[in-house]
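Asker: Just so you know, the protein sequences line up as chains A and B, in that order.
For the first sequence, the residue numbers in the numbering used here are 75 to 186.
For the second sequence, the residue numbers in the numbering used here are 269 to 378.
Before we start, here is the structure in question, set down as structure tokens.
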Amino acid sequence: SQTIHQWPATLVQPVGSPLSLECTVEGTSNPNLYWYRQAAGRGLQLLFYSVGIGQISSEVPQNLSASRPQDRQFILSSKKLLLSDSGFYLCAWGRDSNSPLHFGNGTRLTVT
Amino acid sequence: QKEVEQDPGPLSVPEGAIVSLNCTYSNSAFQYFMWYRQYSRKGPELLMYTYSSGNKEDGRFTAQVDKSSKYISLFIRDSQPSDSATYLCAMYNSGYALNFGKGTSLLVTP
């Protein structure tokens with residue numbers, strides 16, 4: 075069976091510090107990978123998705139970037155965090171563009 | 269008009285009640301419909317996945333899609349306190365961008 079791992083679960087970072095959130099998927103190959111941000115009262119916002127190694131599509135211009143160095147690894151990064159980057163970040167995978175998404179348990183990021 | 273509308277609740281019901289959760293949408297091209305359950309501080313968990321119109325049943329859960337009305341529903345029979353969570357609907361035509369509702373908060377009281 076497939077599993078998705080996301081870490082850390084909680085992170086508190088000062089403004090201006092860098093960020094690296096990691097997500098890995100097990101039990102499948104060549105998955106579509108996604109980063110979402112969930113803000114209270116605002117629903118789930120798609121940030122990035124990837125259909126293969128090194129292939130990243132950005133949905134929202136922002137202070138963040140994503141990379142996919144390996145087939146089942148997806149990384150969300152920032153060089154300098156802003157207060158507005160605080161939120162609940164979720165990684166997800168899907169078999170293809172017509173399949174449902176499966177989410178990790180998220181990282182709650184607080185920028186102070 | 270937002271593409272997916274969902275009443276945020278909270279919806280409070282007694283244990284054993286039948287729960288009805290609903291979403292409306294505006295894009296008639298949507299073909300794939302999902303319901304997710306999200307517990308506090310956890311990621312959404314896929315509950316139901318349906319394609320096009322009709323009903324789908326899985327245990328105590330039934331998903332219903334009415335494309336003519338652009339309306340989808342999730343029914344929970346014999347609700348339990350462990351069903352207390354936020355329920356998110358999601359849908360898309362094809363491609364990579366799921367359109368989510370903002371979620372309905374459900375509380376099932378013993």
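By construction, the Cβ of each residue, glycine as well, lies at the ideal position given by its N, Cα and C atoms.
Taking the beta strand (DSSP E) that G178/A falls in, what are its first and last residues?
Answerer: To locate residue 178/A, count along the first sequence from 1; it is residue 104. First-last for G178/A: undefined, no H or E at that position.
Asker: Just by C-beta distance, which residues in the segment 156-186 of chain A are closer than 9 Å to chain B?
Answerer: Those would be F162, L164, C165, A166, G168, S171, N172, S173, P174, L175, H176, F177, G178, N179, G180 and R182, in chain order.
Asker: Taking 7 Å as the CB-CB limit, is M302/B close to chain A?
Answerer: Here residue 302/B corresponds to residue number 34 of the second sequence, with the count starting at 1. M302/B counts as touching chain A.
Asker: Name the chain B residues that come within less than 8 Å of E133/A, Cβ to Cβ?
Answerer: As a position in the first sequence, residue 133/A is number 59, starting the count at 1. Ordered by position in chain B, the residues that pass the 8 Å Cβ test against E133/A are A365.
Asker: For W81/A and S94/A, what's the separation of their Cα atoms in angstroms?
Answerer: Here the question's residue 81/A lines up with position 7 in the first sequence. Here the question's residue 94/A lines up with position 20 in the first sequence. The alpha-carbon atoms of W81/A and S94/A are separated by roughly 10 Å.
Asker: Nearest by alpha-carbon distance to F162/A: which of P88/A, Q129/A and L120/A is it?
Answerer: If you number the first sequence from 1, residue 162/A lands on position 88. Nearest C-alpha to F162/A: L120/A.
Asker: Please state whether the Cβ-Cβ distance between V376/B and D346/B is less than 7 Å.
Answerer: In the second sequence, residue 376/B corresponds to position 108, counting from 1. In the second sequence, residue 346/B corresponds to position 78, counting from 1. Cβ distance not < 7 Å, so V376/B and D346/B don't count as in contact.
Asker: Could one say the Cβ of S362/B lies closer than 7 Å to chain A's Cβ atoms, at least one of them?
Answerer: Against the second sequence, residue 362/B aligns to sequence position 94. True, the Cβ-Cβ gap to chain A drops below 7 Å.
Asker: Under a Cβ-count criterion, where at least 16 other Cβ atoms within 10 Å of its own Cβ denotes burial, should G126/A be classed as buried or exposed?
Answerer: Within the first sequence, residue 126/A is the residue found at index 52, counting from 1. Exposed, by the Cβ-count rule.
Asker: Looking only at its chain, what residues have a beta carbon closer than 8 Å to the beta carbon of Q87/A, apart from the 5 residues adjacent to it on each side?
Answerer: In the first sequence, counting from the first residue as 1, residue 87/A sits at position 13. Here the set comprises L93, L155, L183, T184, V185 and T186.
Asker: In whole angstroms, what separates the C-alpha of N104/A from that of S141/A?
Answerer: Position 30 of the first sequence, counted from the first residue, corresponds to residue 104/A. Position 67 of the first sequence, counted from the first residue, corresponds to residue 141/A. Computed Cα separation, rounded: 15 Å.
Asker: Just the C-alpha distance for R305/B and L315/B, rounded to the nearest angstrom, thanks.
Answerer: Reading the second sequence from its first residue, position 37 is the one you call residue 305/B. Reading the second sequence from its first residue, position 47 is the one you call residue 315/B. One C-alpha to the other measures close to 6 Å.
Asker: With a threshold of 7 Å between beta-carbons, can Y317/B be considered close to chain A, or not?
Answerer: Taking the first residue of the second sequence as 1, we reach residue 317/B at position 49. By this cut-off, Y317/B is an interface position.
Asker: What does N106/A touch in chain B if you count any residue whose Cβ is under 9 Å from its own?
Answerer: To locate residue 106/A, count along the first sequence from 1; it is residue 32. Correct list: Y364.
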